[in-house]
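Contents: one structure, followed by commentary.
Residue numbers (the numbering used here), protein chains in the order written: chain A, -7 to 205; chain B, 2 to 208.
Here it is in structure tokens:
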């Protein structure tokens, strides 16, 4: 078959066919595998970079863990998981006595849950008597209570006790103020679930609580 | 002595074709060897890359284990941040009334005094939605007695000099023989400037 003048042509064609087949069925798939493996390696290296960055960030978080724990403790003290009305009464009473103010009325309201933040606001109407500067100090102590308290309104008037002249001479004033305190308890107040319950921010208020109990 | 080629020309031609055929086959074989060599090179390269991938995967797995161990700290940090935002929300718009009372005591002229004082914060909304600009967050007003009109004018000037106190006004100024002077009603609007730094944090966080 390979004899004669067609021999070189047939041999050349045969060689080309063999080489093409070898390239198509062996070399190209292998090159493709190498290319895919290189891509996979690049992805793994990129993932290593990402993971290392994540690890560095976590290392920083670990270093800052004591501060984070302190923040959580501080906020839990300022905004406790239950209404803890007794501590509110004692804190206000102590603030008043340290300022020389006599608290005459304390009226805690029913907590109101804000579903958007998961924060329940406890309104507290208070009345007290004292001198101008003792009342100013009392307000300062309220603003710096261990629990978060926000004074919303203040009304000062002479504490006449029915006798205007007496108030002017003694300099005693009557303070009427509305203060807000807070809890993360989504269901606080009379008739509510006694345990601490939390609301996911953005959730609707719990059924049966009216969003305020 | 001369040589005579007795080989027939057809045979000579046939030998030439055979040699050419062998040459083509030899070149083809050489090319095939090159292809096989390149295949082996690629195969070796693939093996090396796969080893590297395995090593990288082992490294990643090791880092992932460390990440899993430290994930609690990320959770702790997220919780702390969430708590801080909650606290900022609670204090949002807070006004220090103790500071306001101290400011009132500072601005009162010596020949005037207040009978009563009222202040309300309207939780970030305008005092009068129809007319008041939105930065006004509350009012401070009071009634009192002054020796003269000059005293009340001086009081208004002083009120306007306190940061965050704007629009000082007098709603009534009445001559009173009982006090041998004037009784007056004054007030100011309170702006965002009276909000405490921690009261502004929620807005900063949201911004």
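Glycine is no exception: its CB is placed at the ideal position from the N, C-alpha and C atoms.
Listed by chain order, chain B residues near residue 90 of chain A by CB distance under 9 Å
Neighbours of residue 90 of chain A on chain B: none; closest Cβ ~13 Å, over 9 Å.
Contact between the stretch 111 to 119 of chain A and the stretch 49 to 56 of chain A (3+ Cβ pairs under 8 Å):
Segments in contact, no.
How close, in whole Å, do the beta carbons of residue 50 of chain B and residue 33 of chain A come, if the pair is a contact with beta carbons under 8 Å?
Right, their Cβ atoms sit about 6 Å apart.
For the putative contact between residue 143 of chain A and residue 134 of chain A, defined by C-beta atoms under 8 Å, what is the C-beta separation to the nearest angstrom?
Taking the Cβ atoms as the reference, residue 143 of chain A lies roughly 6 Å from residue 134 of chain A, within the contact range of under 8 Å.
Any idea which residues DSSP pairs residue 174 of chain A with across the strands?
Note: residue 174 of chain A sits in a beta bridge opposite A:113.
At a Cβ threshold of 8 Å, is residue 183 of chain B touching chain A?
Interface criterion not met: the Cβ of residue 183 of chain B is under 8 Å from no Cβ in chain A.
Note down, in chain order, each residue of its chain lying with its Cβ closer than 8 Å to the Cβ of residue 160 of chain B, except the 5 sequence neighbours on either side.
These residues qualify, in order along the chain: 108, 166, 169, 187, 189.
Would you kindly work out how many angstroms separate the C-alpha atoms of residue 64 of chain A and residue 174 of chain A, rounded to a whole number?
Using only the alpha carbons, I get a separation of about 15 Å.
Complete runs of the beta strand (DSSP E) confined to the stretch 14 to 42 of chain B [at least 3 residues]:
The stretch 14 to 42 of chain B contains no whole beta strand (DSSP E) run of 3 or more residues.
Who are the near neighbours of residue 71 of chain A in its chain, counting only those whose CB is closer than 8 Å to its CB and skipping five residues on each side?
For residue 71 of chain A, where only same-chain residues beyond five positions count, the Cβ hits under 8 Å are 111, 139, 140, 174, 175, 176.
Chain-ordered residues of the stretch 38 to 53 of chain A with a beta carbon less than 8 Å from chain B:
Under the 8 Å Cβ criterion, the stretch 38 to 53 of chain A contributes 39, 40, 43, 44, 46, 47, 49, 50, 51, 53.
Is there a Cβ of chain A sitting closer than 8 Å to that of residue 103 of chain B, yes or no?
Yes - at least one Cβ of chain A is within 8 Å of the one on residue 103 of chain B.
Please list, in chain order, the chain A residues whose beta carbon lies closer than 8 Å to that of residue 201 of chain B.
Ordered by position in chain A, no residue passes the 8 Å Cβ test against residue 201 of chain B, which lies about 13 Å from the chain.
Three-way DSSP call (helix, strand, coil) for residue 149 of chain B in this model:
Coil, per DSSP.
Can you check whether the C-beta of residue 114 of chain A is within less than 8 Å of a C-beta belonging to chain B?
Chain B has no Cβ within less than 8 Å of the Cβ of residue 114 of chain A.
What are the boundary residues of the alpha helix (DSSP H) that includes residue 104 of chain B?
Counting along the chain, the alpha helix (DSSP H) containing residue 104 of chain B begins and ends at 98 to 108.
Cross-chain neighbours of residue 30 of chain A in chain B, by beta carbon under 7 Å:
Near residue 30 of chain A (Cβ distances below 7 Å), the residues of chain B are 50.
Using DSSP bridges, identify the partner residues of residue 186 of chain B.
Partner(s): B:144, B:173.
Note down, in chain order, each residue of its chain lying with its Cβ closer than 8 Å to the Cβ of residue 136 of chain B, except the 5 sequence neighbours on either side.
Here residue 136 of chain B has 192, 193 as same chain residues with Cβ atoms under 8 Å from its own Cβ, once five neighbours each way along the sequence are excluded.
Below 8 Å on the Cβ atoms is my contact criterion, and I expect residue 146 of chain A with residue 92 of chain B to pass it. Report the Cβ-Cβ distance as a whole number of Å.
About 17 Å; that fails the 8 Å criterion.
Give the DSSP bridge partners of residue 119 of chain A, in chain order.
A:97, A:168.
Identify the contact partners of residue 116 of chain B in chain A, using a Cβ-Cβ distance below 8 Å as the criterion.
Going along chain A in sequence order, the residues near residue 116 of chain B (Cβ under 8 Å) are 149, 150.
Can you name the residues of chain A whose CB is closer than 7 Å to the CB of residue 57 of chain B?
In chain order: 33, 36, 37, 40.
Would you mind listing the alpha helix (DSSP H) stretches within the stretch 10 to 92 of chain A that are 4+ residues and don't spill past its ends, in chain order?
Listed in chain order, the alpha helix (DSSP H) runs fully inside the stretch 10 to 92 of chain A are 20 to 55, 57 to 70, 77 to 91, counting runs of at least 4 residues.
Residue 7 of chain A to residue 4 of chain B span [Cα, whole Å]:
Their Cα atoms are separated by approximately 39 Å.
Looking at the structure shown, is residue 150 of chain A part of a helix, part of a strand, or coil, going by DSSP?
Here DSSP, grouped into helix, strand and coil, assigns residue 150 of chain A to strand.
Residues of its chain near residue 202 of chain B, where Cβ-Cβ distance is below 6 Å and the 5 sequence neighbours each way are ignored:
Scanning its chain for C-beta atoms nearer than 6 Å, with the 5 sequence neighbours on each side dropped, one finds around residue 202 of chain B the residues 89, in chain order.
Rounded straight-line distance, which links the Cα of residue 25 of chain A to that of residue 24 of chain B
Roughly 35 Å between the two C-alpha positions.
Classify residue 4 of chain B as helix, strand or coil using the three-state DSSP reduction.
Three-state DSSP puts residue 4 of chain B in coil, outside helix and strand.
Using the beta-carbon of each residue, which ones in chain B are nearer than 8 Å to residue -1 of chain A?
For a Cβ distance threshold of 8 Å, residue set 18, 19, 21, 22 of chain B lies close to residue -1 of chain A, ordered along the chain.
In chain A, which residues lie with their C-beta within 8 Å of the C-beta of residue 137 of chain B?
Result: empty, since nearest Cβ-Cβ is about 15 Å, beyond 8 Å.
Whole angstroms are fine: how far does the CA of residue 37 of chain A sit from the CA of residue 60 of chain B?
Each residue's alpha carbon lies about 10 Å from the other.
Can you pull the chain A residues whose beta carbon is under 7 Å from the beta carbon of residue 81 of chain B, in chain order?
Within chain A, the residues near residue 81 of chain B are 60, 63, 64.
Whole angstroms is fine: what's the gap from residue 177 of chain B's alpha carbon to residue 171 of chain B's?
Distance between the alpha carbons of residue 177 of chain B and residue 171 of chain B: 16 Å.
Per-residue DSSP class, three states only, for residue 143 of chain A:
Residue 143 of chain A carries a strand assignment under DSSP once its states are collapsed to helix, strand and coil.
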